[in-house]
Amino acid sequence: MTFRTRILSAAGGLFFLTIFISSFANTWGIYDSAWKMITALVATVVVTLLVIHWATTRLSRKMFLIVFLLLGLACRVAWIIWNPASPESDFLFMYTAAQEAASGNFAFSDSAYYISFPYQLGFTMYEAAVIKLFGNHLIIFKLLNALFSIGTAVALYLSASKVFHESCGRIAAMVYLFYIPNIIMCSVLTNQHLSVFLFLLGSLLLLRGKDSVSYWLLAGLAIGLGHLIRPVGIVYLAGVVLFVLLIIGQQWRGPIKRQAAVTAGKLGAVIVMYYLVQLLASTTLISSGVTQHSLFDGDKYWKFMVGLNAEKNGSWNLEDANYTKQYAFGEERHKAELSKIKERLENKSELTALLGRKLVTMWGSPDSSPYWSLRGLDKWELEQKLNQWEGPMYALMCAFGVVSMIALWRTGNDGGEVLLYLFLLLLYVGAHLLVENQPRYRLDFVPVLILLQSYGAYQIGSWMQGRRSATLDKSWKGERGVGI
Numbered sequence: 038m039t040f041r042t043r044i045l046s047a048a049g050g051l052f053f054l055t056i057f058i059s060s061f062a063n064t065w066g067i068y069d070s071a072w073k074m075i076t077a078l079v080a081t082v083v084v085t086l087l088v089i090h091w092a093t094t095r096l097s098r099k100m101f102l103i104v105f106l107l108l109g110l111a112c113r114v115a116w117i118i119w120n121p122a123s124p125e126s127d128f129l130f131m132y133t134a135a136q137e138a139a140s141g142n143f144a145f146s147d148s149a150y151y152i153s154f155p156y157q158l159g160f161t162m163y164e165a166a167v168i169k170l171f172g173n174h175l176i177i178f179k180l181l182n183a184l185f186s187i188g189t190a191v192a193l194y195l196s197a198s199k200v201f202h203e204s205c206g207r208i209a210a211m212v213y214l215f216y217i218p219n220i221i222m223c224s225v226l227t228n229q230h231l232s233v234f235l236f237l238l239g240s241l242l243l244l245r246g247k248d249s250v251s252y253w254l255l256a257g258l259a260i261g262l263g264h265l266i267r268p269v270g271i272v273y274l275a276g277v278v279l280f281v282l283l284i285i286g287q288q289w290r291g292p293i294k295r296q297a298a299v300t301a302g303k304l305g306a307v308i309v310m311y312y313l314v315q316l317l318a319s320t321t322l323i324s325s326g327v328t329q330h331s332l333f334d335g336d337k338y339w340k341f342m343v344g345l346n347a348e349k350n351g352s353w354n355l356e357d358a359n360y361t362k363q364y365a366f367g368e369e370r371h372k373a374e375l376s377k378i379k380e381r382l383e384n385k386s387e388l389t390a391l392l393g394r395k396l397v398t399m400w401g402s403p404d405s406s407p408y409w410s411l412r413g414l415d416k417w418e419l420e421q422k423l424n425q426w427e428g429p430m431y432a433l434m435c436a437f438g439v440v441s442m443i444a445l446w447r448t449g450n451d452g453g454e455v456l457l458y459l460f461l462l463l464l465y466v467g468a469h470l471l472v473e474n475q476p477r478y479r480l481d482f483v484p485v486l487i488l489l490q491s492y493g494a495y496q497i498g499s500w501m502q503g504r505r506s507a508t509l510d511k512s513w514k515g516e517r518g519v520g521i
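Residue numbers (the numbering used here): 38 to 521.
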């Protein structure tokens with residue numbers, strides 16, 4: 038799969054280079070002095086590399102996990118206790134609906150919000166279940182967010198170790214645990230923490246259980262449940278399909294073609310399990326009286342119509358909202374939105390410019406987590422400080438990503454498992470060029486970015502350590518039987 042890896046890593050390299058340049062420029066704009074920005078960036082590089090060196094050479098695997106997972110959890114719990122923020126915007130709407138659902142009142146399902154976006158019922162019912170089990174306490178939701186975030190760090194550690202190297206697993210886990218948005222968003226009742234954990238878990242199960250049908254079924258279950266919580270599971274399913282099709286093609290060209298048929302059957306099991314989860318959830322919600330609307334219904338074209346609005350750079354806007362309100366929900370509104378989409382696709386030069394701006398805005402602009410986490414608390418100075426701390430971290434991640442893609446292009450990474458995450462990267466980035474654009478949506482995909490950049494950080498660390506690191510790497514390859 039060397040050729041395919043090089044093609045995908047070249048595309049990934051262009052992506053990381055683009056967002057490195059844009060994130061560097063945007064971070065520069067946050068600081069009131071060029072010297073402050075350079076100092077912050079240099080300090081981030083030095084501290085990061087020193088911590089990586091210490092964590093990958095001085096700690097046993099067990100000690101690493103104990104120390105860093107406890108530190109990561111402590112940071113999240115401390116932030117949750119300190120930050121009393123209440124739900125806002127869509128988060129408040131779903132939390133209010135969950136309280137009603139917990140008391141047996143499902144009238145909210147007939148509101149315009151849930152008729153337009155019935156897929157939000159999955160997360161709403163999760164919140165209702167938590168209220169039923171633990172009572173109506175915001176801190177319970179926030180602590181669960183912290184636990185899911187720690188679970189994601191573990192899944193990321195295992196995934197990066199499987200795809201690249203155990204040192205990469207440590208690097209990925211560390212970066213995820215202490216990347217500021219991952220900490221401060223634990224105080225926000227977003228559906229991203231649980232869904233990200235499930236998506237990463239599903240991907241990991243697929244890679245770790247290549248020869249086990251039960252692992253593949255569990256992978257389909259995890260990705261399907263993740264989609265119920267946040268509707269981006271289709272991206273992961275598409276990535277899995279493309280990745281497995283490459284494996285099937287390789288097996289078909291081999292001496293034992295029966296292997297290709299077996300793998301195709303396991304892929305079919307993943308797809309069936311994924312859609313079975315959606316179907317059972319939708320049927321159960323309807324039959325139990327929670328809603329009259331299928332989870333497969335809803336405003337099919339809204340996200341695309343907004344995402345293609347060049348004047349608003351693909352972001353939510355009142356103009357489009359008022360436009361859709363003129364039409365009754367259903368076929369009439371769908372036709373109106375589809376007509377607007379076709380109109381916005383006509384000007385190819387404007388569309389191309391829009392896609393470029395959306396790429397930079399979505400992936401290169403300052404992270405919006407401080408805004409969402411501190412919303413309503415009147416802590417503007419702290420919000421600015423958090424942006425100043427996060428900016429150099431993100432720019433460094435992007436730089437590591439560039440190095441990682443160059444290394445993958447040079448070596449081809451014959452292990453092939455990295456292809457799954459490269460497919461996911463390109464699919465997720467491509468999808469958000471078309472749909473509504475918000476920087477906070479990149480939080481869904483930060484773990485995959487971190488996994489891919491961990492190899493770049495490892496390459497730099499290996500170069501700095503010289504021959505000793507190269508020897509360790511050779512020993513690891515021999516133990517695992519994987520070409521890096």
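For every residue, glycine included, the Cβ atom is placed at its ideal position computed from N, Cα and C. None of these values were measured; they are calculated from a predicted model.
Any idea if residue i is buried or exposed, counting beta-carbon neighbours within 10 angstroms, 16 or more meaning buried?
i	result
Gln496	buried
Ala71	exposed
Val439	buried
Gln315	buried
Gln229	buried
His202	buried
Lys303	buried
Glu516	Confidence in Glu516 is poor, its pLDDT being 37 and thus under 50, which makes the residue's placement unreliable; the coordinate value appears in the next sentence. Per the 10 Å Cβ criterion, exposed.
Glu454	buried
Asn424	buried
Asp248	exposed
Met131	buried
His174	exposed
Gln363	exposed
Trp417	exposed
Ser97	exposed
Ile103	exposed
Ile266	buried
Taking just the CA atoms, how far does residue j sit from residue i?
i	j	result
Ser198	Tyr213	14 Å
Ala372	Lys337	Inspection of the sequence shows that residue 372 is occupied by Lys rather than by Ala. Cα to Cα, the separation comes out at about 10 Å.
Leu243	Ile284	13 Å
Ile44	Phe460	11 Å
Glu356	Glu125	22 Å
Ser376	Asn359	15 Å
Met211	Gln288	36 Å
Leu254	Gly286	21 Å
Arg381	Phe53	28 Å
Leu391	Ser406	24 Å
Val225	Lys73	30 Å
Ala306	Gln502	45 Å
Lys99	Leu445	29 Å
Assuming residue i and residue j are in contact, meaning their beta carbons sit under 8 Å apart, how far apart are those beta carbons, in whole angstroms?
i	j	result
Phe160	Ala192	With a Cβ gap of about 20 Å, Phe160 and Ala192 do not count as contacting.
Ala259	Leu238	5 Å
Phe178	Leu456	Not confirmed; about 36 Å, so no contact.
Leu463	Ala48	6 Å
Pro476	Thr398	7 Å
Are the CB atoms of residue j and residue i within a distance shorter than 7 Å?
i	j	result
Ala347	Glu383	no
Arg207	Phe101	yes
Gly351	Lys395	yes
Tyr156	Leu332	yes
Leu23	Thr81	Because the chain in this structure spans residues 38 to 521, residue 23 falls outside the shown range and cannot be described.
Ser196	Leu419	no
Ala139	Ile176	no
Leu480	Pro268	no
Pro484	Thr189	yes
Gly257	His264	no
Tyr194	Phe236	no
Gly335	Phe154	yes
Ser59	Tyr431	no
Indicate whether at least one CB of chain C lies closer than 7 Å to the CB of residue i.
i	result
Asn228	Considering every chain present, this structure includes no chain C. It has just one protein chain.
Excluding sequence positions up to five away, which residues of its chain have a Cβ less than 7 Å from the Cβ of residue i?
i	result
His90	Gly498
Phe341	Ile378, Leu471 and Val472
Asn182	Cys223 and His230
Thr321	none
Ala436	Phe57
Ile220	Cys112, Arg113 and Trp116
Ile152	His330 and Phe366
Gly326	Phe143
Gln136	Ile168 and Asn173
Who are the near neighbours of residue i in its chain, counting only those whose CB is closer than 6 Å to its CB and skipping five residues on each side?
i	result
Phe185	His230, Leu231 and Phe234
Leu78	Pro429
Phe482	Tyr465
Cutting at 8 Å between CB atoms, please list the residues of its own chain near residue i, excluding the five before and the five after it.
i	result
Gly518	For Gly518, the predicted structure reports a pLDDT of 37, less than 50, and the residue's modelled location is therefore unreliable. The matter cannot be settled from this model.
Ala122	Ser224, Val225, Ser410, Leu411, Arg412, Gly413 and Leu414
Ala149	Phe366
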